[in-house]
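Have a look at the structure below, then the notes.
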């Protein structure tokens, strides 16, 4: 008799176990020997039917699975249990129900692999006497009650919305940080640019001041060397007088400035004052004899002009076809009050008397 590979045949002789036939050629006694059991040594996959189980948090589940086993001892598998597949299936169901009752619903999904290992270990302890070993157990399908499934779906959606909100807030936060960092860098660069601009401006002003001071120093040296000559001092005196008259003329042109000298009605007196400055500056640099002659000539000319101008103003005459205003009329334009006009006339007369006495002493 030929036995196929990966099979074991149990032989009984006269109703008693005799031997196990191995794959290959085997000889049997007719009538005495009888093949009682045929066991396959291949790995067998058995479907575990659906069954209900309750988790530790009182959630009812419907679970099925697949059990993978192999017969390692044909003798025990034949004489240790009546129906090995049925026995191992029932053992798998009870073990799975027991293991699920020890964990919560969340752990059923999260620790699915560890749950399979626990079921395999529990089955192997019980099936060792049957000559069967459980290789692995896989949970195939888990069905939840409708309300629990909806609640879990809402939880998942809420979790996803939460994650989306967190991601969005993190994005906004990162954007705000980037904007703030950009503004900070911009302000720093602007302040550094302003600082450098001020430094450059100050450096330029310093160089300009040094250049102006250097030019002024050179100009003063040139003026000092030029004033060493005799004739140059006369030119300097005349220049000073011209600058005085030009400055007074510039101030009088502005609209919001009112210039009211003591002798506003006497235009010639302004020229006389400018010439007196010229005389004062040049008096210390010109010989005494020349100063006396020039001052006497100036005083005589001034007296003649003053007498002529006084006569013309009192009579209200005209010069070159143009009316010469009186001192009273000129002052009346600036002073509306009689008392103030009289005070101004007295001050003007005193100043003229002082000028005449000074010219007399010089002569």
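Residue numbers (this note's numbering): 4 to 366.
Even for Gly, the Cβ is constructed at its ideal location relative to N, Cα and C.
Please read these numbers as outputs of a predicted model, since none were measured by experiment.
Identify the continuous alpha helix (DSSP H) that holds residue 77 and give its terminal residues.
On the chain shown, position 74 is the one that residue 77 refers to. Taken as a continuous stretch (DSSP letters only), the alpha helix (DSSP H) holding residue 77 covers 77-82.
According to DSSP, simplified to helix, strand and coil, what is residue 27?
Looking up residue 27 in the chain shown gives position 24. Here residue 27 sits in strand by DSSP.
Neighbourhood of residue 70 by C-beta distance below 6 Å, restricted to the same chain and skipping five residues each side
As a first step, residue 70 is located in the chain shown; it is residue number 67 there, counting from the start. Once the five neighbours on either side are set aside, the close Cβ partners of residue 70 are 49, 51, 95, 140.
For residue 202, does the count of other Cβ atoms within 10 angstroms reach 16, so buried, or fall short, so exposed?
Indexing the chain shown from 1 puts residue 202 at position 199. Exposed.
Identified DSSP bridge partners for residue 65:
Position 62 of the chain shown, counted from the start, is the residue given in the question as residue 65. Per DSSP, 55, 146.
Might you give, ordered along the chain, the residues of its own chain that have their beta carbon closer than 6 Å to the beta carbon of residue 16, omitting 5 neighbours on each side?
Residue 16 sits at position 13 when you count from the first residue of the chain shown. Here the set comprises 35, 36.
Indicate whether residue 41 and residue 26 have their beta-carbon atoms separated by less than 7 Å.
The residue you call residue 41 lines up with position 38 of the chain shown. The residue you call residue 26 lines up with position 23 of the chain shown. Taking 7 Å as the Cβ cut-off, residue 41 and residue 26 do not qualify as a contacting pair.
Please work out which residues of its chain come closer than 7 Å, Cβ to Cβ, to residue 63, disregarding the five sequence neighbours upstream and downstream, and give them in chain order.
Against the chain shown, residue 63 aligns to sequence position 60. Counting only Cβ-Cβ distances below 7 Å, and skipping sequence neighbours, we find 55, 57, 148.
Classify residue 336: buried if its beta carbon has 16 or more other beta carbons within 10 angstroms, exposed otherwise.
Counting from 1 along the chain shown, the entry for residue 336 is found at position 333. Below a pLDDT of 50, predicted positions are generally treated as unreliable, and residue 336, at 43, falls in that range; the measurement from the model is reported next regardless. Residue burial annotation: residue 336 is exposed, with fewer than 16 other C-beta atoms found within 10 angstroms of its C-beta.
Which whole-angstrom value describes the C-beta separation of residue 47 and residue 14, a residue pair presumed to lie in contact below a C-beta threshold of 8 Å?
Indexing the chain shown from 1 puts residue 47 at position 44. Indexing the chain shown from 1 puts residue 14 at position 11. The pair is not a contact, with the Cβ atoms about 23 Å apart (cut-off 8 Å).
Given that a residue counts as buried once 16 or more other Cβ atoms are within 10 Å of its Cβ, and exposed if not, what is residue 111?
Your numbering for residue 111 matches position 108 in the chain shown. Buried.
Cβ-Cβ distance between residue 179 and residue 67 below 7 Å:
Taking the chain shown and counting its residues from 1, one reaches residue 179 at position 176. Taking the chain shown and counting its residues from 1, one reaches residue 67 at position 64. No, the Cβ-Cβ distance between residue 179 and residue 67 is not below 7 Å.
Tell me whether residue 86 sits in a helix, a strand or coil according to DSSP, three-state version.
Sequence index remark: in the chain shown, residue 86 carries index 83 (1-based). Correct three-state label for residue 86: coil.
Per DSSP, residue 72 is paired with what?
Numbered from 1 along the chain shown, position 69 holds the residue referred to as residue 72. According to DSSP, residue 72 bridges with 47, 137.
Straight-line Cα distance separating residue 60 from residue 78
One-based indexing of the chain shown puts residue 78 at position 75. One-based indexing of the chain shown puts residue 60 at position 57. Just so you know, the alpha carbons of residue 78 and residue 60 end up roughly 44 Å apart.
Using the rule of at least 16 other Cβ atoms within 10 Å of the residue's Cβ for burial, across every protein chain shown, is residue 98 buried or exposed?
For the purposes of this step, residue 98 is taken as the residue at position 95 of the chain shown. Buried, since its Cβ has 16 or more Cβ neighbours within 10 Å.
Give the DSSP-derived three-state secondary structure of residue 179 in the structure shown.
As a working note, residue 179 is residue 176 in the chain shown. Three-state DSSP puts residue 179 in a helix.
Just to confirm, is the Cβ distance from residue 137 to residue 123 under 7 Å?
As a working mapping, residue 137 is identified with position 134 in the chain shown. As a working mapping, residue 123 is identified with position 120 in the chain shown. The Cβ-Cβ distance between residue 137 and residue 123 falls below 7 Å.
Pairwise C-alpha distance: residue 29 and residue 100
Within the chain shown, residue 100 is the residue found at index 97, counting from 1. Within the chain shown, residue 29 is the residue found at index 26, counting from 1. Each residue's alpha carbon lies about 45 Å from the other.
What are the partner residues of residue 120, as DSSP defines its beta bridges?
Start at 1 with the first residue of the chain shown, and residue 120 comes out as number 117. Beta-bridge pairing links residue 120 to no other residue.
Where the alpha helix (DSSP H) containing residue 108 begins and where it ends:
Counting from 1 along the chain shown, the entry for residue 108 is found at position 105. It spans 108-113 - the alpha helix (DSSP H) in which residue 108 sits, taken as one unbroken run.
Could you check whether residue 44 and residue 4 sit closer than 7 Å to each other, using their CB atoms as the reference points?
Here residue 4 refers to the residue found at position 1 of the chain shown. Here residue 44 refers to the residue found at position 41 of the chain shown. Not in contact: residue 4 and residue 44 (Cβ atoms no closer than 7 Å).
For residue 130, count neighbouring Cβ atoms within 10 angstroms of its own Cβ and tell me buried if that reaches 16, exposed if not.
Mapped onto the chain shown, residue 130 falls at position 127. Here residue 130 is buried, its C-beta having at least 16 other C-beta atoms within 10 Å.
Going straight from the alpha carbon of residue 150 to that of residue 168, what length do you get?
Residue mapping note: residue 150 aligns to position 147 of the chain shown, counting from 1. Residue mapping note: residue 168 aligns to position 165 of the chain shown, counting from 1. The straight-line gap from Cα to Cα measures roughly 26 Å.
Secondary structure of residue 217, DSSP reduced to three states:
Locating residue 217 in the chain shown gives position 214, where the first residue counts as 1. Under the three-state reduction of DSSP output, residue 217 falls in the helix class.
Along the chain, where does the beta strand (DSSP E) that runs through residue 34 open and close?
Numbered from 1 along the chain shown, position 31 holds the residue referred to as residue 34. Counting along the chain, residue 34 falls outside any beta strand (DSSP E), and DSSP gives it neither H nor E.
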